[in-house]
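If you're matching positions, the sequence shown starts at 39 in our numbering and goes up one per residue.
C-beta atoms are modelled at their ideal positions from N, C-alpha and C, and glycine is treated no differently.
Quick notes on the structure that follows.
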Amino acid sequence: CVHADTPHAREVTERIHRAWLAVTGTACVRIATHEPIPADTHAIFAVGGDGFLLELVRARPSGIHIPICGWNAGHVGFHMNDVPEHDAGLQHVLHAVARGDVDCETLYPLVATLEGPRMTSASVIAFNEIALTAREPGHVLRLALAIDVHPFGTHSGDGLIVASPQGSTGWAIAVGGPAVHPDVRAMVVAPINPHPAVRFAQMLFPFVAPPTVAIAVDVLESEKRPATVSVDGHRYDGIHRVVVRTEFPQSDARIVQLISPRDPSGRNRFFRRVEEKFLRPTPTT
């Protein structure tokens, strides 16, 4: 069991620890985010928000080959399971996990090559998204796209996002991109505030690309209009070219498997989460 460093996450972890002990008669082994995972681990309980889940995965670049069961102690927590308010309810869902009555989602990362000055390059991994934004506030970023080396228009605006299916419900959906089911192996390309001027506007809409292509983005006029590249929230400056691919289906070395207690009604977890997190009105007091 590993948790975010917040009072609420620690409180939820204590509840899960007690409930798991009551259900199984065994204790959860607690580890820090960057600690090695014990060899005999069957599943990881991750307590926090979606950002903490990313932190946990990024701390292990060689991959996590053990299912992760996330418990929401953050804000949206789209990829996390909601923690029942009462202990009896928590024990009920943990009993389902203990007996293997779970749904499993397999998440494949994005892999990108970042190219900077003097032909220097670096390879990075993102589970949610890779975004290019204008480094200077108020500047229009000009980008040229290519799909498998074939030109695919230009974009001028605040930036561009390339997201995985699991990342489609994060930053990408906030700029008008679609919510993509994790079973759909694809990449979402979503412009951020495209400029409406006729001479600029070529890409005014998001699109979905298959996992077999490479998406190249060149920063035009990079000296005048520099870009910042965000890889799951980690910033890189001085980048003038980004090439993004997905690891599906080339490798399973760095996949992440998320498990959740199966819905007794048989409803698909993704659509249930979309309804709960995006479609239901916020209760008023």
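How about residue 107 and residue 83: do their beta carbons lie closer than 9 Å?
A contact, by the Cβ cut-off of 9 Å.
Here's the rule: buried if 16 or more other CB atoms are within 10 angstroms of the residue's CB, otherwise exposed. What is residue 243?
It counts as exposed.
Just mark residue 303 as buried or exposed, buried being the case when its beta carbon has 16 or more other beta carbons within 10 Å.
With fewer than 16 other Cβ atoms within 10 Å, it is exposed.
When the Cα of residue 187 is compared with those of 45, 293 and 250, which residue comes out closest?
If we check each option's Cα against that of residue 187, 250 comes out closest.
So, helix, strand or coil for residue 80, using DSSP?
If DSSP states are grouped into helix, strand and coil, residue 80 belongs with coil.
Using 8 Å as the threshold, is the stretch 190-209 in touch with the stretch 224-235, meaning 3 or more CB pairs across them?
At 8 Å Cβ cutoff, the stretches touch.
For residue 254, which residues in the same chain have their Cβ closer than 6 Å to its Cβ, ignoring the five residues on either side in sequence?
Answer for residue 254: 184 and 281, listed in chain order.
Do residue 228 and residue 198 have their CB atoms nearer than 9 Å?
For residue 228 and residue 198, yes; Cβs fall inside 9 Å.
Whose C-alpha, out of 224, 167, 284 and 175, is nearest the C-alpha of residue 213?
When each option's Cα is compared against that of residue 213, the closest is 167.
For the alpha helix (DSSP H) that residue 14 lies in, which residues bound it at each end?
Because the chain here runs from 39 to 323, residue 14 falls outside it and cannot be looked at.
Does DSSP classify residue 187 as helix, strand or coil?
Residue 187 falls in the coil class under three-state DSSP.
For residue 125, does the three-state DSSP call read helix, strand or coil?
Helix, per DSSP.
How would you write the range of the alpha helix (DSSP H) that residue 59 sits in, first residue to last?
Its alpha helix (DSSP H) spans residues 45-62.
Excluding five sequence neighbours on each side, which residues of the same chain lie with their C-beta closer than 8 Å to the C-beta of residue 87?
Hits under 8 Å: 42, 110, 111, 112, 113, 114, 115 and 118.
Using the rule of at least 16 other Cβ atoms within 10 Å of the residue's Cβ for burial, across every protein chain shown, is residue 70 buried or exposed?
It is exposed - the Cβ of residue 70 has fewer than 16 other Cβ atoms within 10 Å.
I'd like to confirm the pairing. Which residues does DSSP put opposite residue 150 in its beta bridges?
According to DSSP, residue 150 bridges with 162 and 282.
Among 315, 128, 105 and 297, whose alpha-carbon lies nearest the alpha-carbon of residue 78?
Of the candidates 315, 128, 105 and 297, the one whose C-alpha sits nearest the C-alpha of residue 78 is 105.
Whole angstroms are fine: how far does the CA of residue 151 sit from the CA of residue 158?
Cα to Cα, residue 158 sits roughly 10 Å from residue 151.
Would you kindly check if the distance between the Cβ of residue 149 and the Cβ of residue 162 is under 9 Å?
It is a contact, given that the beta carbons lie within the stated cut-off.
Straight-line CA distance for residue 171 to residue 189?
Taking the straight line joining both Cα atoms gives about 20 Å.
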